[in-house]
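Counting from 1, one number per residue, gives the positions in the sequence shown under the working numbering. All residues carry an ideal CB built from backbone N, CA and C; glycine is no exception. No experiment lies behind these values; they were computed from the predicted model shown. Below is one structure, written out as C-alpha cells; comments come after it.
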Amino acid sequence: MSNEPKDIFMLCESCQDEKELAELDRNKWKGNIKYDGERVMCIKIGKDIVLFNRRGNIITYKFSEVMKAFSLLEDDFMIDGEVINIDNTIGGNFNLLSRRALTKDKTKIAQLEKEIPVKFMAFDILCLNGKNLKSESLSNRLSFLAEALKGNVDEHLEIVCYDEIDTLLNQAIANNGEGIVIKNMNSVYESKRSKNCLKHKLFKETTITITGFEVNNAGIRATDNNENCVQISGNQSNEVKQLLQTNGEVKINVQYLEKTKLNKLRFISYRGLAK
C-alpha cells in the first residue's frame, strides 16, 4: 500500500453516458446508493482506532459516535466507507455533514454531535486481522466485511447494501438521490481512480440569467446575481460573451446536482442558450 494515506482510496470514474450504463453486464456489475458525505478510511488495531479522510487528515476526534461503534468490534481491520449525517434523505446531506467535517473547535464539535448525528456507511475492506484483501474480488471482500462487523452494527455503523443497478437507479430517482455507484464485483481493490468503480449522478436542469463574466484560458467564467459560476468554453463562450456585451445579460440552460441552503447550484455545468 502507499505510504501516503490519501493515496490508499479507490476512486470512481464518471459514467454519465446512458448507452454505456445500459451495456454494463448486470451479472457482473452491482451498485449502491451514492452517498453525499465525507469519504473516510477506518484503521483498527487492537483498541487503537484512527479515521482519516481523502486528504490524509486524521479526523478521529470529529466523529466520536463512529469511534464508539468501531470500538465494540473485536477484529483488526482497514475499512473503507463514508460518513454521512443521519436524516430522512436517501444518501445524506453534505451541507449538514460539512458543518461537522469542517469544524476543528472541540466545543463546537460536541454541540454539533447533538444537532447533526452521523453514521459510517461501510462499503469495502482492505485488510482483516493482518490479511491483505486488496487482491480479493469485491464479492469476496464483502464477505470479509460482514465477518469483521459480525452483525454488530448500530445507528452509527452500517454496511452498504449492494443491489441491482436498475433497482437502485429507480430508487435514487424516486427519492431525489444524488445518484448511484456501480462496481465490478469481480474486481480487486485499486488505490487509484478505477474503471471498475463508476459513479452515475442524477443531474437536474434549470435556467439562470448570466450578468457578468471573466475571461480565462478555456473561455469565460460566467456569473449570475446569485453568485453561481459556470465555465463556458470554446466557441460557445464567444457566443455568450457577445450577447452579454450587447444585452447586459443572457439566459442560459445549466445542469446541476443540487441546491445549497442559500439556493446556490452545486456541480453546475453549461448546457446551452435558453430558447
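> Looking at the structure shown, is Phe70 part of a helix, part of a strand, or coil, going by DSSP?
Replying inline: helix
> Where does Gly272 sit, in a helix, a strand or coil, going by DSSP?
Replying inline: strand
> In angstroms, rounded to a whole number, what distance separates the CA positions of Lys104 and Lys201?
Replying inline: 30 angstroms
>> Going by the DSSP bridge assignment, what does Arg221 pair with across the sheet?
In response: Glu214, Gln231
>> Using only CA atoms, which one of Cys12, Asp36, Ile210 lies nearest to Asn93?
In response: Asp36
> Do the segment 71-86 and the segment 117-125 touch if we need at least three Cβ pairs shorter than 8 angstroms?
Replying inline: yes
> Within 10 angstroms of its Cβ, does Asn196 collect 16 or more other Cβ (buried), or is it exposed?
Replying inline: buried
> What are the residues that DSSP puts in a beta bridge with Cys127?
Replying inline: Met78, Asn132
>> Per the DSSP calculation, Phe52 is bridged to which residue(s)?
In response: Met41, Ile58
>> Could you compute how far the alpha carbon of Leu51 sits from the alpha carbon of Lys62?
In response: 9 angstroms
> Looking at C-alpha atoms only, which residue of Cys127, Ile173, Arg100, Ser139 is the closest neighbour of Cys161?
Replying inline: Ser139
> Whole-angstrom Cβ separation of Val181 and Cys12, contact assumed at under 8 angstroms?
Replying inline: 6 angstroms
> Going by alpha carbons, who is nearest to Thr206 out of Gln242, Arg271, Arg26, Val118?
Replying inline: Arg271
> Going by beta carbon distance, what residues of the same chain come within less than 6 angstroms of Ser194, once the five residues before and after it are set aside?
Replying inline: Met10
> Based on the DSSP secondary-structure assignment, which residues constitute the bridge partners of His200?
Replying inline: Ile180
> Would you say Val250 and Ile210 are within 7 angstroms of each other, going by their C-beta atoms?
Replying inline: yes
> Does the beta-carbon of Asp224 have 16 or more other beta-carbons within 10 angstroms, so that it is buried, or is it exposed?
Replying inline: buried
> Does the distance from the C-beta atom of Val118 to that of Asn85 stay below 7 angstroms?
Replying inline: yes
> Cα separation between Thr89 and Ile159?
Replying inline: 17 angstroms
> Rounded C-beta distance between Tyr256 and Lys204? I'm assuming under 8 angstroms.
Replying inline: 6 angstroms
> For Leu198, which option in Lys34, Glu136, Ile220 has the closest C-alpha, if you only look at C-alpha atoms?
Replying inline: Lys34
> Does the beta-carbon of Ser2 have 16 or more other beta-carbons within 10 angstroms, so that it is buried, or is it exposed?
Replying inline: At Ser2 the pLDDT is 49, less than 50, meaning the model places this residue with poor confidence; the figure from the coordinates comes in the next sentence. With fewer than 16 Cβ atoms within 10 Å of its Cβ, Ser2 is classed as exposed.
> Quick one: what's Gly31 bridged to in DSSP?
Replying inline: Asp163, Ile182
> Would Phe267 be called buried (16 or more neighbouring beta carbons within 10 Å of its own) or exposed?
Replying inline: exposed
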